[in-house]
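Engineer: Sequence lines, in order, name chains A and B. Just so it is clear: in the first sequence, position 288 is 288 by our numbering, and no numbers are missing. Just so it is clear: in the second sequence, position 224 is 544 by our numbering, and no numbers are missing. The structure follows.
Number of protein chains: 2
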Amino acid sequence: MPYGIIVTMPTIIAVDIGGTHMRAAAYAQNKQSPVKYKKIATLASKPGGFERLLSVIEDVWPKTDSVTAIGLGSPGPLDPHSGYLLAPPNNPEWHNFPLTPKVEEHFGVKAFLDNDANLAGLGEYRYGAGKGHHHVLYITVSTGIGGGVITDDRLLQGYHGLAAELGHSIVDPDGPPCSCGFNGHLEAFASGPAIAKYVLGELEKGTKSVLKRDANMTARDVAEAAHQGDELAIQAYQRAGTYLGIGVASFLHVFDPSIVIFGGGVSQVGQLLFDPFNISLRQRVFHPRYLEELVITQAQLGDDAGLLGARALAEMKSGL
Amino acid sequence: MPYGIIVTMPTIIAVDIGGTHMRAAAYAQNKQSPVKYKKIATLASKPGGFERLLSVIEDVWPKTDSVTAIGLGSPGPLDPHSGYLLAPPNNPEWHNFPLTPKVEEHFGVKAFLDNDANLAGLGEYRYGAGKGHHHVLYITVSTGIGGGVITDDRLLQGYHGLAAELGHSIVDPDGPPCSCGFNGHLEAFASGPAIAKYVLGELEKGTKSVLKRDANMTARDVAEAAHQGDELAIQAYQRAGTYLGIGVASFLHVFDPSIVIFGGGVSQVGQLLFDPFNISLRQRVFHPRYLEELVITQAQLGDDAGLLGARALAEMKSGL
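Following this line, the structure appears as C-alpha cells:
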C-alpha cells in the first residue's frame with residue numbers, strides 16, 4: 001500500500017432502540033464484530049430521546065472512515081417505507097415521529113428503519129443461525145410473539161410495512177383475548193404472559209398446583225414448577241407448544257421456509273415447550289415435503305440480533 | 321424500416337395444462353392478446369400426454385420470430401425449482417415427471433413451471449386486477465382454495481416451491497376435515513364442497529330447508545336456495561364467508577398486501593359470500609392500518625389467468 005495515503009473503509013452504523021437500552025455500533029465491511037460500540041439508557045418516557053439517539057450515533061461515528069448508511073431498529077408499530085415511528089410503547093414524544101428523515105437530515109447519510117422482530121430475523125439470516133438459507137422464518141416467543149420473514153433473500157415488509165405479524169395469526173377464532181384485544185391469536189396461547197394467564201385461570205378453577213395465585217406470575221415461574229413435576233405447569237407448556245405447532249404448520253404451508261429460528265426468552269425453556277411443539281407440528285403439516293431438509297433451531301445472536309439486523313438492513317438496502 | 325430486412329420479435333410461449341384442456345399461446349412483447357392460440361383436450365388419464373403437450377406448443381410456435389422462453393402451468397403438487405411434476409391429479413404418467421427439463425431439451429429454450437393458483441395470481445398481478453400493485457394476495461375459492469402471493473413484485477415460491485397454500489391454513493384446529501385429510505383448514509370451511517357438506521350435515525340433523533339430502537349437491541345449488549331465501553343455505557354461505565374473513569385477516573397480518581383478489585367459481589356468488597366476509601374481516605383485522613387503501617376485488621382474467629400467469633412467469637424469469 002503506497003506510503004502516506006489514508007485508506008478509508010466503508011462503514012455501516014446500526015442502532016437498536018430497545019425498551020431499556022439504546023445501543024449503537026459501527027461496522028466495517030466483512031467483520032462481524034463492531035469497530036465501535038456504545039450502550040446508553042433509552043429512558044423512553046423522558047424527553048430528549050432524539051438527542052440521546054443522535055449522541056449515541058455520534059459516539060460510534062468513525063474518525064476517518066466514511067459512513068455508507070445507518071440502520072435503525074425500534075419496537076413497532078412503525079412505517080419502514082417512510083421511516084416514521086407510529087406509536088412506540090411508552091414514548092409519547094415519538095408518536096408519528098419522522099425518525100429516518102430526521103436522522104438523514106442530521107448526518108447527511110441514507111438511513112433505514114424496521115421493527116425489532118423483523119430485524120432480529122434479518123440479523124439471524126445474514127449473521128446468525130440462518131446463514132446460507134434463502135427462506136427464513138424467525139419467530140420470537142417472549143412477552144409477545146413477533147416474526148421476521150425472509151423469502152428468496154428479501155425481507156418481507158408489505159405494503160404498509162406491517163407484514164410478518166406472526167403472533168397475530170388467528171389459530172382459534174374462539175380463543176382467549178390477545179394483548180392487542182383481539183381473540184384467538186397465536187400470541188394469546190403461546191407467549192410468556194399467555195402461559196402464566198392460563199395457569200392463573202386454572203388455579204382459579206381449583207386445579208391443584210405448587211403454584212400460588214399471584215398476578216405477577218411469569219412463564220419462568222411456571223417453567224420452574226414444571227421442572228419440579230407440577231402437572232398444571234407442564235400442561236400449560238404443552239398447550240403453548242401445541243398451539244405454537246399449529247401456528248408454525250400454517251406458516252410452513254404459507255411461506256415454505258428451509259429454516260425456522262426461535263428467539264425470545266420463552267423459547268429458551270427447551271423441551272418443556274419444544275417436545276409438544278414438535279409433536280403438534282408433525283401432526284399438522286399437511287404434506288411431508290415441507291419437512292424435508294427443514295431446520296428448526298434456536299437463534300444464535302442473542303442481544304446482538306437487533307443490532308446486526310439493523311446493520312443487515314442498511315447493507316442490503318445499500319446493495320452491499 | 322430498411323427494405324428487405326425481416327424484423328423478428330421476441331416471443332414468449334405459455335401453456336396452461338388444465339384438468340380438461342391444455343391451452344397454449346404465443347405472445348409478442350407488450351401485447352396482451354396472443355399472436356397464436358391453441359386449445360386441445362388434456363386427456364390426463366390417457367397415455368401420450370407429453371406428446372400432446374409438445375404438439376400444442378409446436379402449433380403456436382412462431383414461423384420467423386425467436387422464442388425467448390416457455391412458461392408452463394399445471395395443477396400441483398410440483399417443484400418449480402427443478403421443473404418436476406410430483407403427483408398431478410388423475411395422471412399417473414406424470415408422477416415425478418421432469419417436465420421443464422424435457423421441454424427445454426426438446427425445444428432448446430429455457431422453460432419455467434409453477435402451479436395453477438400461483439400463476440393465476442401472477443397473471444392477475446401483471447395483466448389483470450392487480451396491475452400497478454406490488455403486494456398482491458390472490459385467492460381462488462373453488463373446489464379447493466388456492467393462493468398466489470406476490471410480495472415486493474416477486475412471486476412467493478418457497479424453498480420446496482410449496483408456498484402460498486392458503487387453503488391449508490389452519491383457521492380452527494377442531495374444525496372439519498379438509499380434502500387433504502387434515503382438520504380445520506380454511507378450505508374445509510369455505511370451498512364449494514365444504515359449503516355443500518355443511519348443508520348436508522345440517523339436513524342430516526333435521527334442519528329445515530328447501531334443499532334435499534343429495535350427495536351430489538353443489539355450492540351452486542346452495543346459492544340458488546339462498547337466493548330463494550332458504551335460511552340454511554344463507555347460513556351456509558355466512559359460515560363460509562365468516563371463516564374466509566378470519567383467514568384473510570391472518571393473511572393481511574402476515575403479508576400486508578395492497579390488494580386482495582378473489583378468483584374461482586365460488587367467489588362469483590357475490591354478496592351472499594362477501595357480505596359476511598367483509599363483516600368478519602373487519603372484525604378480525606387487529607390494526608386499522610392494514611385496511612388503509614386496501615383494495616378487495618374480483619379477478620379480471622377469467623379462463624386466461626393461468627395462461628397469462630405462465631407468460632408472466634416466463635417473462636419475469638427471463639428478466640422481461
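Just so it is clear, CB atoms sit at the ideal spot from N, CA and C, and this is done for glycine as well. Computed from a predicted model, the values in this text were never measured in an experiment.
Look up H301 (chain A) in the DSSP assignment and say whether it is helix, strand or coil.
Structural biologist: Position 301 of the first sequence, counted from the start, is the residue given in the question as residue 301 (chain A). The residue you asked about is not His; residue 301 (chain A) is Leu in the sequence shown. Looking at L301 (chain A) - three-state DSSP - the assignment turns out to be coil, as it is neither helix nor strand.
Engineer: Using only the alpha-carbon positions, how far apart do Q157 (chain A) and K317 (chain A) sit?
Structural biologist: In the first sequence, residue 157 (chain A) corresponds to position 157, counting from 1. In the first sequence, residue 317 (chain A) corresponds to position 317, counting from 1. Computed Cα separation, rounded: 13 Å.
Engineer: Using a C-beta cutoff of 7 Å, does H106 (chain A) count as contacting chain B?
Structural biologist: As a first step, residue 106 (chain A) is located in the first sequence; it is residue number 106 there, counting from the start. With 7 Å as the cut-off, H106 (chain A) does not count as an interface residue toward chain B.
Engineer: According to the neighbour-count rule (16 or more other Cβ atoms, all chains shown, within 10 Å of its Cβ), is S280 (chain A) buried or exposed?
Structural biologist: Indexing the first sequence from 1 puts residue 280 (chain A) at position 280. Answer is buried; the Cβ neighbour count reaches 16.
Engineer: Over the uninterrupted alpha helix (DSSP H) stretch that includes F509 (chain B), give me the two end residues.
Structural biologist: Locating residue 509 (chain B) in the second sequence gives position 189, counting from the first residue. 507-510 is the extent of the alpha helix (DSSP H) around F509 (chain B).
Engineer: Which word fits G481 (chain B), buried or exposed, when buried means at least 16 other C-beta atoms lie within 10 angstroms of its C-beta?
Structural biologist: As a working mapping, residue 481 (chain B) is identified with position 161 in the second sequence. Burial call: buried.
Engineer: Give me the Cα-Cα distance between H134 (chain A) and D153 (chain A), rounded to the nearest whole angstrom.
Structural biologist: Locating residue 134 (chain A) in the first sequence gives position 134, counting from the first residue. Locating residue 153 (chain A) in the first sequence gives position 153, counting from the first residue. When rounded, the distance between both Cα atoms is 5 Å.
Engineer: So L592 (chain B) and Y563 (chain B) are supposed to be a Cβ contact under 8 Å. How far apart are they, rounded?
Structural biologist: As a working note, residue 592 (chain B) is residue 272 in the second sequence. As a working note, residue 563 (chain B) is residue 243 in the second sequence. Wrong, their Cβ atoms sit about 14 Å apart, outside the cutoff.
Engineer: How many Å lie between S258 (chain A) and G48 (chain A) at the Cα?
Structural biologist: The count along the first sequence starts at 1 and reaches residue 258 (chain A) at position 258. The count along the first sequence starts at 1 and reaches residue 48 (chain A) at position 48. Each residue's Cα considered, the two are about 43 Å apart.
Engineer: Does chain B have any CB closer than 7 Å to the CB of A312 (chain A)?
Structural biologist: Translated into positions along the first sequence, residue 312 (chain A) becomes position 312. It does not; no Cβ of chain B falls within 7 Å.
Engineer: Thinking C-alpha only, which one of B:L628, B:F594, B:V580, B:Q349 is nearest L614 (chain B)?
Structural biologist: Here residue 614 (chain B) refers to the residue found at position 294 of the second sequence. Per the Cα distances, B:V580.
Engineer: For a cutoff of 7 Å on Cβ pairs, would you count Y518 (chain B) as touching chain A?
Structural biologist: Sequence index remark: in the second sequence, residue 518 (chain B) carries index 198 (1-based). No, its Cβ sits nowhere closer than 7 Å to a Cβ of chain A.
Engineer: Assuming S394 (chain B) is part of the beta strand (DSSP E), what are its boundary residues?
Structural biologist: Within the second sequence, numbered from 1, the residue matching residue 394 (chain B) stands at position 74. Looking at the DSSP string, the run of the beta strand (DSSP E) that includes S394 (chain B) is 387-394.
Engineer: Figure out for me which residue from A:S74, A:I70, A:L99, A:F189 has the closest Cα to the Cα of A25 (chain A).
Structural biologist: Here residue 25 (chain A) refers to the residue found at position 25 of the first sequence. Closest by alpha carbon: A:I70.
Engineer: From this set, A:R23, A:R126, A:T297, which residue's C-alpha is nearest F274 (chain A)'s C-alpha?
Structural biologist: Start at 1 with the first residue of the first sequence, and residue 274 (chain A) comes out as number 274. F274 (chain A) has its Cα closest to that of A:T297, out of A:R23, A:R126, A:T297.
Engineer: If the cut-off is 9 Å on Cβ atoms, which residues from the region 560-571 of chain B count as contacting chain A, listed in chain order?
Structural biologist: Those would be T562, Y563, I566, G567, A569, S570, F571, in chain order.
Engineer: Taking the beta strand (DSSP E) that R343 (chain B) falls in, what are its first and last residues?
Structural biologist: Your numbering for residue 343 (chain B) matches position 23 in the second sequence. Segment 341-348, the beta strand (DSSP E) holding R343 (chain B).
Engineer: State the start and end residues of the unbroken alpha helix (DSSP H) segment that holds T100 (chain A).
Structural biologist: By 1-based counting over the first sequence, the position of residue 100 (chain A) is 100. Where T100 (chain A) is concerned, the enclosing alpha helix (DSSP H) stretches over 99-107.
Engineer: Can you list, in chain order, the residues of its chain with a C-beta nearer than 6 Å to that of S587 (chain B)? Leave out the 5 residues immediately preceding and following it.
Structural biologist: Working through the second sequence from its first residue, we reach residue 587 (chain B) at position 267. Cβ within range, chain order: V461.
Engineer: Indicate whether at least one CB of chain B lies closer than 7 Å to the CB of R23 (chain A).
Structural biologist: As a position in the first sequence, residue 23 (chain A) is number 23, starting the count at 1. Not one chain B Cβ lies under 7 Å of R23 (chain A).
Engineer: For a cutoff of 7 Å on Cβ pairs, would you count S169 (chain A) as touching chain B?
Structural biologist: Mapped onto the first sequence, residue 169 (chain A) falls at position 169. So yes, S169 (chain A) belongs to the interface.
Engineer: Quick check: what's the CA-CA separation for M321 (chain B) versus A539 (chain B)?
Structural biologist: Residue 321 (chain B) sits at position 1 when you count from the first residue of the second sequence. Residue 539 (chain B) sits at position 219 when you count from the first residue of the second sequence. Its pLDDT being 47, under 50, M321 (chain B) is placed unreliably in this model, and the value from its coordinates should be taken loosely. Taking the straight line joining both Cα atoms gives about 57 Å.
Engineer: P395 (chain B) touches chain A at which residues, Cβ-Cβ below 7 Å?
Structural biologist: The residue labelled residue 395 (chain B) in the question sits at position 75 within the second sequence. What P395 (chain B) touches in chain A: nothing, since even the nearest Cβ is about 14 Å away.
Engineer: What does F182 (chain A) reach in chain B if we use C-beta pairs closer than 9 Å?
Structural biologist: Here the question's residue 182 (chain A) lines up with position 182 in the first sequence. Residues of chain B passing the Cβ test: A569, Q603, R604, V605, F606.
Engineer: Between which two residues does the beta strand (DSSP E) harbouring V285 (chain A) extend?
Structural biologist: Within the first sequence, numbered from 1, the residue matching residue 285 (chain A) stands at position 285. Per DSSP, V285 (chain A) belongs to no beta strand (DSSP E) and is neither H nor E.
Engineer: Below 7 Å between beta carbons: does that hold for A14 (chain A) and A310 (chain A)?
Structural biologist: Reading the first sequence from its first residue, position 14 is the one you call residue 14 (chain A). Reading the first sequence from its first residue, position 310 is the one you call residue 310 (chain A). In this structure, A310 (chain A) lies closer than 7 Å to A14 (chain A) by Cβ.
Engineer: Just to make sure I have the definition right: I need the residues of chain A whose C-beta is within less than 9 Å of the C-beta of G466 (chain B). Which are they?
Structural biologist: Along the second sequence, read from residue 1 onward, the residue named residue 466 (chain B) stands at position 146. Going along chain A, no residue has its Cβ under 9 Å from G466 (chain B), so there is no contact; the nearest lies around 11 Å.
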